[in-house]
C-alpha cells in the first residue's frame, strides 16, 4: 500500500469520525431542547427537581459506571 493510499484512507476515517461526532452533537442538542421540562425525582427522603434531560444523563452515567465495574470484575475473575 502506498503512502498516498494510506493518507487517503486515514483522511476518510477521520472524515467519517468527524461526521459521526457532529451527528451525535446535533442529536444531543435536539434531545436537550425537547426534554427541558422539570421533573421531580424522589428517592427515600430526598426529593430533587431538575430538567428531564439532566436526570436521564445522570442515570446514563450511573449505568455506564456500573457496567464498567461489572466488566472489570468479570475480567479479573477469568
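In the numbering used here, the protein residues as written are 2 to 79. Yeah, the Cβ is synthetic: ideal placement off N, Cα and C, and Gly gets one too.
Measure the Cβ-Cβ separation of residue 41 and residue 50 and say whether it is below 9 Å.
-> Pairing residue 41 with residue 50 gives a Cβ-Cβ distance under 9 Å.
Going by the CB atoms, is the gap between residue 54 and residue 32 shorter than 9 Å?
-> Result yes, Cβ atoms of residue 32 and residue 54 sit closer than 9 Å.
Would you list the residues sitting across from residue 42 in a DSSP beta bridge?
-> Paired residue(s): 49.
To the nearest angstrom, report how far apart residue 63 and residue 16 are at their CA atoms.
-> Each residue's Cα considered, the two are about 31 Å apart.
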